[in-house]
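In the numbering used here, the protein residues as written are 2 to 394.
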Amino acid sequence: MKIGVLTGGGDCPGLNAVIRAIVRKGTFHYQDEFLGFSEGWRGVLEDKTQPLDLHAIAGILPRGGTILRTSRTNPAKHSSGLDTCVENLKKHGIEALIAIGGDDTQSVAQRLHEKGINVVGVPKTIDNDLSGTDFCFGFDTAVNIATEAIDRVHTTAEAHNRVIVVEVMGRDSGWIAAYSGLAGGADVILLPERPFDIDDVSEIIRKRHARGRYFSVVVAAEGAKLATDVDPQHGAPVVTDLSKDEFGHVRLGGIGQVLAREIEKRTGFETRTVVLGHLQRGGSPTAFDRVLATRYGTGAIDMVHNGQFGCMVALHGTAIVAVPLSAAIANTRRVDPVLIEVALGLHDPLTTGQPVASTVPVPGAHRRAEHAAKPEEGSGKHAPAAAHPHPHK
Ligand code: F6P
């Protein structure tokens, strides 16, 4: 088959590993021929292509970035853009197209699928916010970079009796902040999912220092929102640039500076900010991301040959599966509340309300409970009740 491949949206460690896996399995096992579309959907729209064969992919497994380059071009925002894409794909005799990207890229893939193009999607974003899959490749690398930064910030914050705010990426979901904050032992973790009150944040830090600690580390997702007086559940993220890209996104950034200024003002503790920015997207992928990206690549080429078009390759538990593109782009995947509960459980609550308690399921407990409910045959007495799971304290 003749197959087109593109990478769209923000780059992400592991893109090259996916490309390599697609081309290797397609060449060795299916005798496919490939064509690379350069710079995401811009390449399909403007007919910018590049050779994609075994020679082109040699040695790219550990490399960050993408040999196909990328852009945030949205053909749907150009006059007859989607039809031009269809024409260009037909002109090259493309029988299937593999689109590696996040929700924006996959939304265009879905539109082209509706126009009759055989599309298979591969989920990519360090933000890990694509629904339909448990993990996107690139996320693990970003979390490891952020965790190392938090570890480093810890030692210098401790040496200087400072509060340091680490701003990490995460536009709509705070997966990187949640994972790196937990892994790095941050004292406060701020996510877009939970608008925060700056007075509460300052109070947490004050209480910690009153317990004898003399430094604190705050991890904030760039999309973390200050709660409003009017509606504490909603707020607006801090932005550096209000102009929008072709997918309607403003440029986020600056929450770290705002937090540092306000924390210092309220607590009197010297406070600094570190913005990790694109460091989280650059460089070599972790082993986990290389393996996941490779599994996604081989899964995507298998899906092409199984005729599973209009679908995205996904990770469910430990299995690689196909999910409809429509499901993948339907919602933004928010940080699992279970993870938020874990983080809350590690900290002193601000108010003396309900403890953060959760029930830990015991494997097979329901079966034991059923068994326990029945009297022991012939004994005349009841079997002991199944052990009750203990709440976290
Ligand atoms: O979508 C991934 C992401 O890294 C977001 O976390 C961030 O807001 C955005 O990309 C930054 O995009 P750009 O590379 O265009 O600055």
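Think of the CB as a built atom: it goes at the ideal place given N, C-alpha and C, for glycine as much as any other residue.
- Taken in chain order, the whole alpha helix (DSSP H) runs of length 4 or more contained in the segment 296-354 are 326-329, 338-346.
- Gln281 is not bridged by DSSP to any residue.
- In the structure shown, the three-state DSSP call for Gly102 is strand.
- In this structure, Met170 has its CB closer than 7 Å to one or more heavy atoms of the ligand F6P.
- Per the Cβ contact rule, the segment 11-28 is in contact with the segment 61-68 (3 or more Cβ pairs under 8 Å).
- Residue pairing by DSSP places Gly122 opposite Ala100, Met313 in a beta bridge.
- If you check the CB distance, Arg43 and Leu83 do not come in under 8 Å.
- When secondary structure is reduced to three states using DSSP, Arg43 falls in the helix class.
- By the neighbour-count definition (other C-beta atoms within 10 Å, threshold 16), Val109 is a buried residue.
- Counting only runs of 3 or more residues that sit fully inside the segment 6-72, the beta strand (DSSP E) segments are 34-38, 50-52, in chain order.
- When beta bridges are read from the DSSP output, Thr272 appears opposite Val164.
- Relative to the Cα of Gly171, the nearest Cα in the group Asp188, His161, Val144 belongs to Val144.
- The three-state secondary structure of Thr85, taken from DSSP, is helix.
- One thing to note: Val202 has its Cβ within 8 Å of the Cβ of Ile264.
- The criterion of a C-beta distance shorter than 8 Å is not satisfied by Leu46 and Leu7.
- Its chain contains Ser203 as the residues whose beta carbon lies nearer than 6 Å to that of Arg267, once the 5 sequence neighbours on both sides are disregarded; these appear in chain order.
- With a 10 Å radius around the Cβ and a threshold of 16 neighbouring Cβ atoms, Glu88 comes out exposed.
- By the criterion of a C-beta distance shorter than 7 Å, Phe289 is surrounded in its chain by Asp141, once the five residues flanking it on both sides are discounted.
- Excluding five sequence positions before and after Asp200, the CB atoms of its chain that fall closer than 8 Å to its own CB belong to Arg267, given in chain order.
- Put simply, the segment 151-158 does not touch the segment 221-233. Fewer than three CB pairs are less than 8 Å apart.
- Here Leu293 is buried: its Cβ has 16 or more other Cβ atoms, across all protein chains shown, within 10 Å.
- Under the three-state reduction of DSSP output, Leu260 falls in the helix class.
- Below 8 Å, too few C-beta pairs join the segment 267-280 and the segment 118-136 to call them touching: fewer than three.
- The ligand F6P never approaches Ile302 closely enough for any of its heavy atoms to be under 7 Å from the residue's Cβ.
- Cβ neighbours of Val240 within its own chain (closer than 8 Å, five residues either side excluded): Val251, Arg252, Leu253, Gly254, Gly255.
- For Val24, the closest alpha carbon among the candidates Lys49, Gly41, Asp54 is that of Asp54.
- At the C-beta level, Leu131 and His93 stay beyond 8 Å of one another.
- Of the candidates Lys226, Phe310, Glu247, Asp105, Glu247 places its Cα closest to the Cα of Ser80.
- The beta carbons of Val121 and Val305 sit closer together than 8 Å.
- In this structure, the ligand F6P has a non-hydrogen atom nearer than 7 Å to the beta-carbon of Arg282.
- By the Cβ-count criterion, Glu115 is exposed, with fewer than 16 other Cβ atoms from all chains shown falling within 10 Å of its own Cβ.
- In the DSSP assignment, Ser174 falls outside any alpha helix (DSSP H) and carries neither an H nor an E.
- Between the ligand F6P and Asp141, a heavy atom-to-CB distance of less than 7 Å is absent.
- Between the alpha carbons of Ile151 and Val167 lies a gap of roughly 7 Å.
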